[in-house]
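Chains as they are written, first to last, in the UniProt record's numbering: chain A, 1 to 481; chain B, 1 to 416.
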Amino acid sequence: MFQAAKQLKLQRNSSDDIHSVDNGNTSYRLNLYDQPPLYDVTVEDFETSALDRLRILAEIESSAARNRSWDETKQVTITQCGKYLPLNSNSALGIDVQAERKKDQLGHFVLRLAFCRSEELRRRFIRAETTLFKVRFETDDSNERRAFLNSKEFNWISVSDAEKTKYESQLQHFIGKGDLDNEAFYKVKWTTIPDLVEKRKVFLKGGYAYVPAREQASIIYAAFEERLEAALLATSRAIPLVDEDTRLNPILDNLAQGFIAGVPSDWVASAEHTGDGITADMVDSLAKKHFPLCMRVLHQSLQKDHHLKHFGRLHYGLFLKVLGLSIDEAIAFWRKSFAGGPGSDKFDKEYRYNIRHSFGLEGRRMNYPAKNCLQLHSAHEAGCPYRQLESSPENLQSALLSSYSASGLTINDLPEILAQVKKKSYHVACTRVFEITHSRSVKKGEGLGDGESVTHPNQYAARSIELEKEGKEPKMEVDFV
Amino acid sequence: MALSSDLDIDPTSEEVLLTFYRRLYPFKQLFKWLNRGPERTEKESRLFPYREFAFTLRNDAYLRYNSYPSDVEMKKHVCLLTPSRFEIGPVYSAQPKDKKTVRPAHFKPEKREVVFDIDMTDYDPIRTCCSDADICRRCWGFIAVAVEVLDTAIRDQFGYTQLLWVYSGRRGIHLWISDQEAFELTDDQRKAMVEYLTVIKNGKEPGKRVNVRFGMKDLPPALKDACQAINNSFDELILQDQDCFGSQEGYETLLSLLPDAKLASRLREKWSDKPDSPSYVKWDEMKAEVKNLKDKNARQIMRNAMEDILLQYAYPRLDAEVSKHRNHLLKAPFCIHPKTGRICVPIDPERIREFDPAKVPTVGQLLAELGGAGSSNTSGEHKDDWQKTSLKPYIEMFEQYANSVQEKQVKMDLSW
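Structure (structure tokens):
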């Protein structure tokens with residue numbers, strides 16, 4: 001137990017009203033996050049609340065990268081929120097809404113600390129958070145939403161009846177056949193809502209925009225964005241003051257990284273997915289049908305050269321372990337794959353130990369998880385091929401075609417994938433390949449299901465196998481074994 | 001191109017440019033305007049010294065990221081370089097001349113006047129008098145309508161008051177808006193403002209270019225006002241002077257904009273007999289056809305289409321890219337246009353219709369006036385030499401503008 005509150009308080013100039021928010025209780029589901037959490041949290045809560053929120057934000061980001069429509073984005077976000085960060089309205093029974101809201105608030109403020117550090121991160125964080133806020137605002141209970149709006153000051157001026165009469169003919173345009181007397185208008189400086197001005201959705205006069213009630217949400221989104229931006233800047237100036245804490249900084253660094261590759265997930269327990277585990281003989285056919293490009297590349301070069309360098313063995317070995325290859329099968333698999341390479345003695349001496357080690361049977365006896373996408377991105381050897389071949393698109397193209405043309409990838413799909421790679425959205429490119437090669441059961445934009453993106457090679461493979469089991473994916477006609 | 005007779009001087013020669021910059025160019029007023037106030041304290045003086053100037057030299061080399069502590073240093077350097085013209089950029093977060101030594105993250109465009117650029121070439125598909133770089137008194141009518149519409153819209157709807165209209169020297173006009181709020185707009189806000197004011201996109205392409213209503217809806221109030229303003233000059237400019245529908249090509253363009261195919265073919269039949277009948281006759285015939293439509297709905301559709309035609313033919317055609325980003329450069333007022341030799345002089349929007357591009361002083365004319373006014377000695381400072389030339393009213397107008405930008409600023413400061 002330690003006091004993260006101490007750090008978070010730095011964002012506030014005064015702490016006069018600590019007592020009123022001491023326990024972090026909030027009366028509304030929506031939150032403009034103008035109050036930081038001022039209570040003790042555990043390091044674990046500190047990290048998990050942020051990680052769970054990050055999963056949602058990362059999905060929102062990849063929605064944008066994949067040009068999902070607003071409705072699709074909304075749906076994906078709602079699903080993800082339900083999974084990781086449920087947030088119920090006051091009317092919800094039997095649910096500790098305060099605990100949910102605390103987690104929401106804490107996660108937001110931790111991520112502020114992680115993302116205030118560069119302009120790029122700030123910009124992306126603001127965009128994703130604003131989208132999340134929009135989704136929640138749109139899905140909020142209308143009574144609670146009204147109460148929430150009344151509780152805040154948004155710097156708008158209600159347009160008086162006299163003014164309404166003055167601009168009657170102009171204002172009428174924006175409410176169609178509605179009755180002007182009953183329709184509320186709000187007046188704000190036009191600079192606060194440039195998007196509405198751009199689309200001519202407001203009446204402009206003397207630098208003020210007259211916003212019809214149904215566009216009111218835009219003012220709130222703009223206010224949310226503006227406040228968050230200012231707060232992040234303030235935080236970035238304050239953050240050097242917390243740099244002495246060595247417990248928090250690694251967590252924050254890690255979180256900032258996570259935005260780049262989606263959230264790192266430790267993919268475990270896939271044995272249930274694949275049934276009784278797999279045998280050495282099955283690996284080759286599984287590779288051709290279900291492996292992501294990184295593992296396909298390793299598998300192919302292992303088959304071709306009867307050898308893999310250290311990191312290749314490490315990444316591929318752990319991947320196969322998590323996929324469900326038992327220790328005995330693993331040794332059999334590697335021995336077979338190295339045939340023609342080292343003799344049996346040399347294999348036992350040099351490689352057997354490493355394999356057993358990676359299963360937690362030697363040395364430290366640590367059951368290592370398989371590497372996730374984030375780790376593969378930063379690997380120098382045997383890492384993410386989308387990233388490593390970014391600078392040589394021809395090689396990436398031929399690798400993609402040779403690996404996946406049997407599962408339906410055509411030359412016409414390549415430009416889209418390469419465009420994502422060029423944008424450095426490697427996980428988006430990978431997810432798109434998954435969608436294309438599983439087009440019989442997965443629609444564009446669905447990703448691995450519920451719109452999730454690829455964040456782990458095992459997640460990719462397990463989902464692929466699962467789809468086949470569900471019988472949605474007809475069997476390949478030819479097995480190449 | 002018609003050059004006036006007193007232009008036997010090459011407006012791009014070093015000698016001409018040097019005399020012009022030394023004796024005539026209003027550096028002092030330029031400084032006053034861009035510095036938005038008198039001398040400032042150290043902390044406040046991040047305006048003029050942080051402003052980018054870009055020079056086009058006589059050999060067409062382009063020098064960017066110049067900046068100066070004040071007008072004196074600037075004048076010195078300009079006289080040394082004698083550029084054929086120069087452009088004004090934004091105020092950066094560091095002095096532009098230090099660009100190479102500051103970290104890129106610390107060198108960002110921060111503020112600048114909101115600028116608009118209207119160029120006659122965007123009107124090529126509809127003007128009948130000239131094309132490309134040419135401009136005559138008659139095509140100026142388009143610019144005049146554009147200035148009237150835009151000036152009113154910006155003052156009335158956006159509430160800005162410090163507008164400076166500047167003749168671009170040949171076939172266009174620039175607008176600088178210096179109000180504090182405008183000066184500090186972000187790129188997003190600038191983009192919103194331009195899009196709001198833009199009706200005609202890709203004006204050079206043929207076909208219907210106006211798409212501002214959603215379904216059957218009325219025009220938004222802002223464009224309704226613009227339509228009204230255009231209506232006043234439409235008759236004179238489009239129907240009489242330009243006679244836009246006076247040829248077969250012209251009226252076919254008009255017919256292609258009509259949504260009612262039957263009505264269009266009736267008119268085509270009528271007009272093909274005498275394709276050269278004047279535009280206003282054709283316009284009236286079209287109006288009569290619309291009036292005779294029995295279906296109320298069809299009549300409304302045609303009325304809307306006619307409003308759209310008004311906009312397509314006379315609404316200001318903006319070069320949007322110039323206005324959207326703070327880091328865009330725009331030619332400074334009072335530069336010499338290298339092809340015409342004319343000075344880029346400010347124009348009073350109230351009297352835009354009286355403005356005649358052909359009467360704008362050329363550099364040759366000005367130098368002749370200087371010579372006529374006596375002492376053509378090349379040494380020493382030439383304070384206020386411009387008062388002896390026909391540049392005088394323009395510089396006075398500019399000075400007044402610079403003062404207005406300044407006064408507001410001081411008042412603002414006092415209120416704190």
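Backbone N, C-alpha and C fix where the C-beta goes; we use that ideal spot for every residue, glycine too.
Which two residues bound the contiguous alpha helix (DSSP H) that contains Y316 of chain A?
Looking up residue 316 of chain A in the first sequence gives position 316. Where Y316 of chain A is concerned, the enclosing alpha helix (DSSP H) stretches over H310 to L323.
Relative to the alpha-carbon of E329 of chain A, which residue among A:W190, A:T279 and A:P292 has its alpha-carbon at the smallest distance?
In the first sequence, counting from the first residue as 1, residue 329 of chain A sits at position 329. With distances taken between Cα atoms, E329 of chain A lies closest to A:T279.
Run through DSSP, which three-state label would K111 of chain B get?
Numbered from 1 along the second sequence, position 111 holds the residue referred to as residue 111 of chain B. Three-state DSSP puts K111 of chain B in a strand.
Measuring only the C-alpha atoms, how far is Q459 of chain A from Y62 of chain B?
For the purposes of this step, residue 459 of chain A is taken as residue 459 along the first sequence, with counting starting at 1. For the purposes of this step, residue 62 of chain B is taken as residue 62 along the second sequence, with counting starting at 1. Their Cα atoms are separated by approximately 55 Å.
Determine which residues of the segment 200-229 of chain B have a Cβ less than 7 Å from any Cβ of chain A, and write them out in chain order.
D218, P220, P221 and A222
Which one of B:N202, B:N211 and B:D179 has the shortest CA to CA distance from G206 of chain A?
As a working mapping, residue 206 of chain A is identified with position 206 in the first sequence. Taking only the C-alpha atoms, the option nearest G206 of chain A is B:D179.
I want to check one thing, is the minimum distance from the CB of C81 of chain A to the heavy atoms of the ligand GDP below 7 Å?
As presented, the structure is devoid of all ligands, the ligand GDP included, so that no description of it is given.
D156 of chain B to D124 of chain B, Cα distance in whole Å?
To locate residue 156 of chain B, count along the second sequence from 1; it is residue 156. To locate residue 124 of chain B, count along the second sequence from 1; it is residue 124. Rounded to the nearest angstrom, the two C-alpha atoms are 29 Å apart.
Pull up the CB-CB distance for K143 of chain B and I173 of chain B, whole angstroms please, since I reckon it's below 8 Å.
Numbered from 1 along the second sequence, position 143 holds the residue referred to as residue 143 of chain B. Numbered from 1 along the second sequence, position 173 holds the residue referred to as residue 173 of chain B. Correcting the residue identity first, residue 143 of chain B is Ile in this sequence and not Lys. Indeed they touch by this definition, with Cβ atoms about 6 Å apart.
Smallest Cα separation from residue 487 of chain A: which of A:N31, A:A147 and A:D141?
As displayed, chain A neither begins before 1 nor continues past 481, which places residue 487 of chain A out of reach and without an answer.
In angstroms, rounded to a whole number, what distance separates the CA positions of D450 of chain A and E435 of chain A?
Residue 450 of chain A sits at position 450 when you count from the first residue of the first sequence. Residue 435 of chain A sits at position 435 when you count from the first residue of the first sequence. In this structure, the straight-line span from the alpha carbon of D450 of chain A to that of E435 of chain A is close to 12 Å.
State the beta-bridge partners of residue 436 of chain B as determined by DSSP.
A query on residue 436 of chain B cannot be resolved here, the shown segment of chain B reaching from 1 to 416 and no further.
Assuming A256 of chain A and F46 of chain A form a contact by the criterion Cβ under 8 Å, report the distance between their Cβ atoms to the nearest whole angstrom.
As a working mapping, residue 256 of chain A is identified with position 256 in the first sequence. As a working mapping, residue 46 of chain A is identified with position 46 in the first sequence. A Cβ-Cβ separation of about 15 Å leaves A256 of chain A out of contact with F46 of chain A under the 8 Å criterion.
So G172 of chain B is in the beta strand (DSSP E); what residue range does that whole segment cover?
What you label residue 172 of chain B is simply residue 172 of the second sequence in a count that begins at 1. Taken as a continuous stretch (DSSP letters only), the beta strand (DSSP E) holding G172 of chain B covers G172 to I177.
Given V481 of chain A, which residues of its chain have a CB within under 7 Å of its CB, disregarding the five upstream and five downstream residues?
By one-based count along the first sequence, residue 481 of chain A stands at place 481. Any answer about V481 of chain A is weak, because its pLDDT of 37 lies below 50 and its placement is not dependable; what the coordinates show is given next. Excluding positions up to five away in sequence, the list reads D284 and S285.
Checking 8 Å against the spacing of the C-beta atoms, do L219 of chain B and W283 of chain B come in under that value?
Locating residue 219 of chain B in the second sequence gives position 219, counting from the first residue. Locating residue 283 of chain B in the second sequence gives position 283, counting from the first residue. No, the pair does not count as a contact, with Cβ atoms beyond the cut-off.
Return the residue from the list A:T48, A:E229 and A:C81 that minimises the CA-CA distance to R112 of chain A.
Working through the first sequence from its first residue, we reach residue 112 of chain A at position 112. It is A:E229 whose Cα lies nearest to the Cα of R112 of chain A.
Using beta-carbon positions only, say whether E198 of chain A and K201 of chain B come within less than 8 Å of one another.
By 1-based counting over the first sequence, the position of residue 198 of chain A is 198. By 1-based counting over the second sequence, the position of residue 201 of chain B is 201. Contact flag unset, no.
Give the DSSP-derived three-state secondary structure of L163 of chain B in the structure shown.
Residue mapping note: residue 163 of chain B aligns to position 163 of the second sequence, counting from 1. L163 of chain B falls in the strand class under three-state DSSP.
Flag V433 of chain A as yes if its beta-carbon sits less than 8 Å from any beta-carbon of chain B, otherwise no.
Sequence index remark: in the first sequence, residue 433 of chain A carries index 433 (1-based). No, V433 of chain A lies away from the interface with chain B (no Cβ there is under 8 Å from its Cβ).
How about W334 of chain A: is its C-beta nearer than 8 Å to some C-beta of chain B?
Within the first sequence, residue 334 of chain A is the residue found at index 334, counting from 1. It does not; no Cβ of chain B falls within 8 Å.
Closer than 8 Å, CB to CB, is D188 of chain B near chain E or not?
Of the protein chains in the structure, A and B, none is chain E.
What is the C-beta distance between V194 of chain B and A314 of chain B, in whole angstroms, given that I count them as a contact (C-beta under 8 Å)?
By 1-based counting over the second sequence, the position of residue 194 of chain B is 194. By 1-based counting over the second sequence, the position of residue 314 of chain B is 314. The Cβ separation is near 19 Å, so there is no contact.
Using a beta-carbon distance below 8 Å, is W156 of chain A in contact with chain B?
The residue you call residue 156 of chain A lines up with position 156 of the first sequence. Closer than 8 Å: no.
Using a C-beta cutoff of 8 Å, does L185 of chain B count as contacting chain A?
One-based indexing of the second sequence puts residue 185 of chain B at position 185. Yes, because at least one Cβ of chain A sits closer than 8 Å to the Cβ of L185 of chain B.
Within the 8 Å Cβ cut-off, does K205 of chain A reach chain B?
Position 205 of the first sequence, counted from the first residue, corresponds to residue 205 of chain A. For K205 of chain A, the answer is yes, since a Cβ of chain B falls inside 8 Å of its Cβ.
Which word fits A50 of chain A, buried or exposed, when buried means at least 16 other C-beta atoms lie within 10 angstroms of its C-beta?
Mapped onto the first sequence, residue 50 of chain A falls at position 50. A50 of chain A should be labelled buried.
Per DSSP, which one or two residues make a beta bridge with E452 of chain A?
Counted from its first residue, the first sequence places residue 452 of chain A at position 452. Note: E452 of chain A is bridge-paired with A:G447 in the DSSP secondary-structure output.
Looking only at its own chain, which residues have a Cβ that is under 6 Å from the Cβ of V91 of chain A, when we skip the five neighbours before and after it?
Here residue 91 of chain A refers to the residue found at position 91 of the first sequence. Val is not the amino acid found at residue 91 of chain A; the sequence shown has Ser there. The same chain holds no residue with a CB closer than 6 Å to that of S91 of chain A once the five nearest residues on each side in sequence are set aside.
Indicate the three-state DSSP secondary structure (helix, strand or coil) for I465 of chain A in the structure shown.
If you number the first sequence from 1, residue 465 of chain A lands on position 465. I465 of chain A: helix per DSSP, three-state reduction.
Run through chain A and tell me which residues come within less than 8 Å of G364 of chain B, C-beta to C-beta.
The residue you call residue 364 of chain B lines up with position 364 of the second sequence. Under the 8 Å cutoff, chain A gives no residues; its nearest Cβ is about 44 Å from G364 of chain B.
For R124 of chain A, decide whether its Cβ has a neighbour in chain B, counting only Cβ atoms nearer than 8 Å.
Looking up residue 124 of chain A in the first sequence gives position 124. False, the Cβ-Cβ gap to chain B never drops below 8 Å.
Grab me the residues of Q29 of chain B's own chain with a C-beta within less than 8 Å of its C-beta, minus the 5 sequence neighbours each way, in chain order.
Residue 29 of chain B sits at position 29 when you count from the first residue of the second sequence. So the qualifying residues of the chain are I395, F398, E399 and A402.
For T362 of chain B, name the three-state secondary structure that DSSP assigns.
As a position in the second sequence, residue 362 of chain B is number 362, starting the count at 1. Correct three-state label for T362 of chain B: strand.
Start and end of the alpha helix (DSSP H) containing N354 of chain A?
Here residue 354 of chain A refers to the residue found at position 354 when the first sequence is read from its first residue. Segment Y353 to S358, the alpha helix (DSSP H) holding N354 of chain A.
Can you tell me which of A:V97, A:H173 and A:E183 puts its alpha carbon nearest to the alpha carbon of F203 of chain A?
Residue mapping note: residue 203 of chain A aligns to position 203 of the first sequence, counting from 1. For F203 of chain A, the nearest C-alpha among the options comes from A:H173.
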